[in-house]
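Residue numbers (my numbering), protein chains in the order written: chain A, 228 to 528; chain B, 731 to 1097.
First the structure, in the form of structure tokens, and then the observations on it.
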Amino acid sequence: MVVGMTMETFLQQLINGLSVGSLYALIAIGYTMVYGILRLINFAHGDIFMMAAYFTYFGIAVFVIPWYITFIITIGLTMLLGVTIERVAYRPLRDAPKTSLLISAIGVSFLLENVATYLFSGKPQAFPEFPLMTTPFFIGGLSFQPVSIVIPIVAFVLMSALLYIINKTKIGMAMRAVAVDYDTAKLMGIKINGVISSTFAIGSALAAVGAILWCMKYPSVLPLMGVVPGLKCFIAAVIGGIGNVKGAVLGGLILGFSEVLMVAFFPALTGYRDAIAFVILIIILLFLPNGLLGKKYMEKV
Amino acid sequence: MKETQNNIGAYLKLHWKTAVFLVVLLVGIGLADNFVDSYVRRLLNLCAIYVIVSLAMNLVNGFTGQFSLGQAGFMAIGAYTVAVFTVPIESRAAIFYLEPMAPFLANIQLPFIVALILGGLASVVAAFFIGSPCLRLRGDYLAIATLGFSEIIRIVFTNTQSITNGALGIKSIPTISSLWWTYGTALLIIIATVLLINSTYGRAFKSIREDEIAAEAMGVGLFKTKMTSFLIGAFFTGVGGGLFAALLGTVDPKQFYFTLTYNFLLIIVLGGMGSISGTIIASFVVTLGQEALRFLDEPMAFGLDLPIFRPGLRMVVFSFLLMVIVLFYRKGLMGTNELTWDFMALKYQSIKKKLGGKKTSNEGGGN
């Protein structure tokens, strides 16, 4: 089973797991925030992630804009996309049955995938290389890609900023209020639509950063690239307790570590790498349906 | 004896229109079976399969209100069961040339109908394992778990080389070309669904859709009822998948990508969540529409250098259609109504009234 697993390779796998997990966490936050407020699985989130990857690809590889400007444009455009989706596809259905909202989310996801296939072709595009990020460096016989270190650091900084926004600012307080009780928050004079828009903006911005970092690690862009990460990150959010930002981070890390380590310890299971998330989901739903950090949610009559 | 005859007589008197309709339908299928070319035949077969799977999806999503997105996965199970058990033994060595078929399966060949039912049952087993954790919980976990499940099934079938031939897929499955297999099954399933919906179970399904808490308070066992609906839906979907495999004559994991499920979602949303006849109509509309709109994917340049028509446009149109229906025509064609004779008479009256009121207007009001 553990063949030729030395301390060095194990450490390398740990770093790898940490970076994959941080990427999952960045995307999972978008899911968990939207679910917390709208009780909606935002199926389009994975495709927002995909569009962000294309924005970056077009900025750097096609329009030859310097990377730092491209990153800013990408984050801006992705936020705009997220807010527009909410405005066009979710807001008109605010009082509709939940099933309609869910179908609308699937519709947006399907539409984005098909539009991307139509506009950018189904062929994978090579993401521009960042030699600074991918040239391995060595510490005591261990080789690291700088990107594997950069990802967790960026993720940590962004998550701290997010926690600050949620816990210390006015808009964050409004978000928490809407998440606890939608109707009461409305009665208290909170501008619900503004709060929901900013939730989508923040979630999309994090997905954009996630997409940029993701593509530095796996440099290929294609229209369906957001589907599997999207599903997995929703599962990460469920593992941590849906609606809870810290839980999403925890769930993302757990998922990242378990995937990377499973493949490292059992190379025969490499083909099943994408399946492990769903096995974890089933186990979590069986034994801990509210997730690790989730509160028990009682339905009111 | 006399009494039964009387009963049948009374029944016919009450439902003679339906009886006439059924006879016309059967004769129509019989005629089509003998006289249409293979392209139309294939298309009609596909329509019937879409009716089966969409009806199963509507049973779970529309009537019971549980959002399941695992259709592609359940179809894959049914399709692969039929494929594995009906491929002629002598051609198996040629198909499984990378890795021979697992010995415990290599010499089993079953009749099509047995394999078909087995495929449905295999789907039921899979549905039981997904349903037992997810259906206990309130919320949308079922949607994500079933969507994930249909991805896992694809991954599993791609990796089990000695059973499913991996990514190569299984070819030379004995095909069905007669319309009777698909339409016969579809009719049976439609009748079964109608009977089910009008039974105690059907009312329990609908009560859960309308209000889970109230249903529970009225003594409906939530988990058991949801599970019943989910398992029946999975069985029908598995059978539909089996017919799909036998229609195409080949299966491979790529056919069962989760986007297949979205076709059925479009159908049930278009037809109306919770309408059997709506689902049947929408199945034909969508299946034939997808075929009719194929020209959108053909390269055709507008003006100078603006190739608007190229591969992918058709799917953009279809996903856009799904959005438009959800946002503006949430009830679809039929809502939760059924296309009964009374319903048609009522519609006819209202259209007549409308036309009589303003003779010049052209809008006659859809169906």
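Glycine is no exception: its CB is placed at the ideal position from the N, C-alpha and C atoms.
**Message:** What I want to know is whether the C-beta of PHE492 (chain A) ends up closer than 6 Å to one or more non-hydrogen atoms of the ligand NAD.
**Reply:** Questions concerning the ligand NAD fall outside what the structure shown contains, since it holds no ligand whatsoever.
**Asked** What's the call for PRO450 (chain A), buried or exposed, on a 16-neighbour Cβ count within 10 Å?
**Response** Along the first sequence, read from residue 1 onward, the residue named residue 450 (chain A) stands at position 223. When all chains shown are included, PRO450 (chain A) counts as buried.
**Request:** May I have a chain-ordered list of the beta strand (DSSP E) segments no shorter than 3 residues that lie completely inside the stretch 872-942 of chain B?
**Result:** Counting whole runs of 3 or more residues, the stretch 872-942 of chain B contains no beta strand (DSSP E) stretch at all.
**Request:** Please check if any C-beta of chain B sits within less than 7 Å of the C-beta of PRO516 (chain A).
**Result:** Within the first sequence, the letter at position 289 stands for residue 516 (chain A). PRO516 (chain A) counts as touching chain B.
**Prompt:** TYR992 (chain B) to PHE337 (chain A), Cα distance in whole Å?
**Reply:** If you number the second sequence from 1, residue 992 (chain B) lands on position 262. If you number the first sequence from 1, residue 337 (chain A) lands on position 110. One C-alpha to the other measures close to 8 Å.
**Prompt:** How far does the beta strand (DSSP E) with PHE953 (chain B) in it reach, from first residue to last?
**Reply:** Stepping through the second sequence from its first residue, residue 953 (chain B) is reached at position 223. Where PHE953 (chain B) is concerned, there is no enclosing beta strand (DSSP E), although the alpha helix (DSSP H) around it starts and stops at 952-978.
**Asked** Can PHE986 (chain B) and ALA802 (chain B) be called in contact, C-beta distance under 7 Å?
**Response** Your numbering for residue 986 (chain B) matches position 256 in the second sequence. Your numbering for residue 802 (chain B) matches position 72 in the second sequence. At a Cβ-Cβ threshold of 7 Å, PHE986 (chain B) and ALA802 (chain B) count as neighbours.
**Message:** Restricting to Cα atoms, I'd like to know which of A:ALA464, A:LEU433, A:GLN239 is closest to ILE275 (chain A).
**Reply:** Along the first sequence, read from residue 1 onward, the residue named residue 275 (chain A) stands at position 48. ILE275 (chain A) has its Cα closest to that of A:LEU433, out of A:ALA464, A:LEU433, A:GLN239.
**Request:** Could you pull out every unbroken beta strand (DSSP E) segment of at least 3 residues lying fully inside the stretch 300-384 of chain A, listed in chain order?
**Result:** Runs found: 364-366, 369-371.
**Request:** Check the Cβ of ASP982 (chain B) against every Cβ in chain A and list those closer than 9 Å, keeping chain order.
**Result:** Taking the second sequence and counting its residues from 1, one reaches residue 982 (chain B) at position 252. Ordered by position in chain A, no residue passes the 9 Å Cβ test against ASP982 (chain B), which lies about 16 Å from the chain.
**Prompt:** Under 7 Å between the Cβ atoms of PHE804 (chain B) and ALA964 (chain B)?
**Reply:** For the purposes of this step, residue 804 (chain B) is taken as the residue at position 74 of the second sequence. For the purposes of this step, residue 964 (chain B) is taken as the residue at position 234 of the second sequence. Between PHE804 (chain B) and ALA964 (chain B), the C-beta spacing is below 7 Å.
**Prompt:** What is the rounded straight-line gap between the Cα of LYS350 (chain A) and the Cα of PRO983 (chain B)?
**Reply:** Locating residue 350 (chain A) in the first sequence gives position 123, where the first residue counts as 1. Locating residue 983 (chain B) in the second sequence gives position 253, where the first residue counts as 1. Their Cα atoms are separated by approximately 19 Å.
**Chain-ordered chain B contacts of TYR499 (chain A) [CB-CB under 9 Å]** = One-based indexing of the first sequence puts residue 499 (chain A) at position 272. Within 9 Å of the CB of TYR499 (chain A), the CB atoms of chain B belong to ILE882, ILE885, VAL886, ASN889, in sequence order along the chain.
**Prompt:** Is LEU520 (chain A) helix, strand or coil when you go by DSSP?
**Reply:** The residue given as residue 520 (chain A) occupies position 293 in the first sequence. Here LEU520 (chain A) carries a coil assignment [DSSP, helix/strand/coil].
**Request:** Closer than 6 Å by C-beta to ILE302 (chain A): which residues in its own chain qualify, once you throw out the five before and the five after it? Chain order, please.
**Result:** For the purposes of this step, residue 302 (chain A) is taken as residue 75 along the first sequence, with counting starting at 1. Excluding positions up to five away in sequence, the list reads ALA432, ALA435.
**Request:** Kindly confirm or deny that the stretch 459-467 of chain A and the stretch 278-287 of chain A touch, where touching means at least three C-beta pairs closer than 8 Å.
**Result:** Segments in contact, no.
**Message:** Helix, strand or coil for VAL766 (chain B)? Go by DSSP, reduced to three states.
**Reply:** Here residue 766 (chain B) is taken as the residue at index 36 of the second sequence, counted from 1. Residue state, collapsed to three classes: coil.
**Request:** Kindly indicate if chain B contains any beta-carbon less than 7 Å away from that of ILE330 (chain A).
**Result:** The sequence position of residue 330 (chain A) within the first sequence is 103, counting from 1. It does; some Cβ of chain B falls within 7 Å.
**Message:** Rounding to the nearest angstrom, what Cα-Cα distance links VAL854 (chain B) and SER959 (chain B) in this structure?
**Reply:** Numbered from its first residue, the second sequence carries residue 854 (chain B) at position 124. Numbered from its first residue, the second sequence carries residue 959 (chain B) at position 229. Each residue's Cα considered, the two are about 11 Å apart.
**Prompt:** Given that a residue counts as buried once 16 or more other Cβ atoms are within 10 Å of its Cβ, and exposed if not, what is GLY367 (chain A)?
**Reply:** Counting from 1 along the first sequence, the entry for residue 367 (chain A) is found at position 140. Classification for GLY367 (chain A): exposed.
**Message:** Taking 8 Å as the limit between beta carbons, can you name the residues of its chain near MET228 (chain A), skipping five residues before and five after?
**Reply:** Taking the first sequence and counting its residues from 1, one reaches residue 228 (chain A) at position 1. Confidence at MET228 (chain A) is low in this model, with a pLDDT of 43, below 50, so its placement is unreliable and the value that follows should be read with caution. Cβ within range, chain order: PHE492, PHE493.
**Residues from the stretch 339-373 of chain A in contact with chain B, defined by Cβ distance under 7 Å** = For chain B, the residues of the stretch 339-373 of chain A that bring a beta carbon within less than 7 Å of one of its beta carbons are ASN341, VAL342, THR344, TYR345, in chain order.
**Message:** Looking at chain A, is there any beta carbon in it that lies within less than 7 Å of the beta carbon of SER902 (chain B)?
**Reply:** Stepping through the second sequence from its first residue, residue 902 (chain B) is reached at position 172. Not closer than 7 Å to any Cβ of chain A, the Cβ of SER902 (chain B) fails to qualify, so no.
**Request:** Can you give me the Cβ contacts of GLY479 (chain A) inside the same chain, cut-off strictly under 6 Å, excluding the 5 residues immediately before and after it?
**Result:** Here residue 479 (chain A) is taken as the residue at index 252 of the first sequence, counted from 1. Within the same chain, and ignoring the five residues on either side of GLY479 (chain A) in sequence, the residues whose Cβ sits closer than 6 Å to its Cβ are GLY248, TYR251, ALA252, ALA255, ALA463.
**Item:** Cβ-based burial, ILE919 (chain B) [other Cβ within 10 Å; buried from 16]
**Value:** By one-based count along the second sequence, residue 919 (chain B) stands at place 189. It is buried - the Cβ of ILE919 (chain B) has at least 16 other Cβ atoms within 10 Å.
**Message:** Just to check my reading of the structure: ALA172 (chain A) and VAL422 (chain A) have Cβ atoms closer than 8 Å, yes? What is that Cβ distance to the nearest angstrom?
**Reply:** In the structure as shown, chain A starts at 228 and stops at 528, and residue 172 (chain A) therefore has no counterpart that could be examined.
**Asked** For chain B, is any of its Cβ atoms less than 7 Å away from the one on ILE275 (chain A)?
**Response** Here residue 275 (chain A) corresponds to residue number 48 of the first sequence, with the count starting at 1. Look at ILE275 (chain A): its C-beta is not under 7 Å from any C-beta on chain B.
**Request:** Compare the C-beta of ASP870 (chain B) against all C-beta atoms of chain A and say whether one is closer than 7 Å.
**Result:** The sequence position of residue 870 (chain B) within the second sequence is 140, counting from 1. Under the 7 Å criterion on CB atoms, ASP870 (chain B) is classed as interfacial with respect to chain A.
**Asked** So which of B:GLY1065, B:LEU961, B:VAL1016 has the shortest CA-CA distance to SER1005 (chain B)?
**Response** Your numbering for residue 1005 (chain B) matches position 275 in the second sequence. When the alpha-carbon of SER1005 (chain B) is set against those of B:GLY1065, B:LEU961, B:VAL1016, the nearest one is in B:GLY1065.
**Prompt:** Near ALA813 (chain B), what residues of its chain come up, given a Cβ to Cβ distance below 7 Å and the 5 sequence neighbours on each side ignored?
**Reply:** Sequence index remark: in the second sequence, residue 813 (chain B) carries index 83 (1-based). Only ILE900, ILE903, ALA975, VAL981 meet the Cβ criterion.
**Message:** Using a 10 Å radius around the Cβ and a threshold of 16 neighbouring Cβ atoms, would you call VAL384 (chain A) buried or exposed?
**Reply:** Walking along the first sequence from the start, residue 384 (chain A) turns up at place 157. Under a 10 Å Cβ-count criterion, VAL384 (chain A) is classified as exposed, with fewer than 16 other Cβ atoms of the shown protein chains found around its own Cβ.
**Message:** Counting only Cβ-Cβ distances shorter than 9 Å, please list the residues of the stretch 1059-1091 of chain B near chain A, keeping chain order.
**Reply:** For the stretch 1059-1091 of chain B, the beta-carbon criterion of a distance under 9 Å to any beta-carbon of chain A is satisfied by ARG1060.
**Message:** Any beta carbon of chain A sitting closer than 7 Å to that of PHE797 (chain B)?
**Reply:** Numbered from 1 along the second sequence, position 67 holds the residue referred to as residue 797 (chain B). The Cβ of PHE797 (chain B) sits closer than 7 Å to at least one Cβ of chain A.
**Prompt:** Pick from A:PRO446, A:LEU440, A:MET260: whose alpha carbon is nearest that of ALA202 (chain A)?
**Reply:** Residue 202 (chain A) is absent from the model: chain A starts at 228 and stops at 528.
**Request:** Tell whether a beta-carbon distance below 7 Å holds between PHE672 (chain B) and THR811 (chain B).
**Result:** Only positions 731 to 1097 of chain B appear in the structure, and residue 672 (chain B) is not among them; the question remains open.
**Request:** Alpha carbon to alpha carbon, how far is GLY244 (chain A) from ASN394 (chain A)? Give it in angstroms, no decimals.
**Result:** One-based indexing of the first sequence puts residue 394 (chain A) at position 167. One-based indexing of the first sequence puts residue 244 (chain A) at position 17. Using only the alpha carbons, I get a separation of about 29 Å.
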